[in-house]
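Residue numbers (UniProt numbering): 1 to 128.
In structure tokens:
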């Protein structure tokens with residue numbers, strides 16, 4: 001089974017943690033997102049990002065989603081590992097906590113986003 005749709009970034013608050021050069025730094029980012037598709041709801045994301053001198057970035061973080069999956073209430077926490085390259089942000093993520101105890105399987109997903117604040121997501125449901 002696959003869960004798919006899109007999300008839109010509602011807000012992005014980024015704080016410098018450490019600067020290395022003019023282009024290279026570490027930051028933390030707090031992001032609010034709205035989901036459409038199989039998932040309906042909102043999420044809060046906390047990323048730690050490393051901007052590199054070549055214009056790319058790598059990030060890791062946690063996301064708390066609260067909403068519905070095909071009409072059923074869910075609250076999930078995802079762990080992300082991603083990168084930004086050639087104007088596209090991508091992430092692979094996994095479910096680390098099911099706060100509503102609704103999923104009896106493993107969830108692993110990905111998203112791809114270009115400029116404009118909208119991304120497509122796909123989550124694969126695997127047997128535990």
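Note that the Cβ used here is the ideal one computed from N, Cα and C, for glycine as well.
Nearest-angstrom Cα separation, counted from residue j out to residue i
i	j	result
residue 94	residue 23	30 Å
residue 13	residue 63	15 Å
residue 86	residue 114	9 Å
residue 90	residue 117	13 Å
Cβ separation of residue i and residue j, assumed to be a contact under 8 Å, to the nearest whole Å
i	j	result
residue 122	residue 4	5 Å
residue 67	residue 74	7 Å
residue 34	residue 7	6 Å
For residue i, the first and last residue of its enclosing beta strand (DSSP E)
i	result
residue 1	Neither: residue 1 is in no beta strand (DSSP E) and is coded neither H nor E.
residue 125	118-126
residue 109	106-113
Minimum length 4: unbroken alpha helix (DSSP H) runs contained in the region 38-73 = Within the region 38-73, no run of alpha helix (DSSP H) at least 4 residues long lies entirely inside it.
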